[in-house]
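For the sequence shown, position 93 (counting from the first letter as 1) is numbered 93 according to UniProt numbering, and the numbering increases by one without interruption. Ideal placement from N, C-alpha and C gives every residue a C-beta, glycine not left out. Working notes, structure below.
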Amino acid sequence: MISSSTFKILDQPLDSYCISISGTLTGENLNDLRQEVIRSVGLPYDIVYIDTKDVLDTDLSGINELIHSHYQLSNASKQLILVYKANSAIEKWAETTGFDKFITTATLPNS
């Protein structure tokens, strides 16, 4: 499932936009993510978070879509911050692919 919201960060003048993903990040819901990222490009937020802390399973197509999201947002002069849990499926792919070398990430403790 994919949902979106806005939130305020202290010391940041503008609100931030958050796309939250839960369950799986695989071929069946990638179009929904892509549409939400495209929608966020047209919104007045400089920082877009993609929150994957509730993703239980993903595959290479899901990771490629996250990388593509980074590319789309970067081309629109927006910053992507990818949020994931330690020891999660997303972290395993970060270790395998090294996407965390060019995508800003925030790793939450697995508790």
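With respect to the 8 Å criterion, SER22 and ASP54 are classified as neighbours on the basis of their beta carbons.
If you ignore the 5 residues before and after ARG34, its C-beta comes within less than 7 Å of the C-beta of GLU65, all in its own chain and listed in chain order. When only Cα atoms are considered, ILE103 and ASP51 end up about 13 Å apart. Per DSSP, the beta bridge partners of GLY23 are VAL55. DSSP places ILE63 in the helix class (H, G or I) of the three-state scheme. In summary, ALA106 is exposed, with fewer than 16 beta-carbon neighbours lying within 10 Å of its beta-carbon over all protein chains present.
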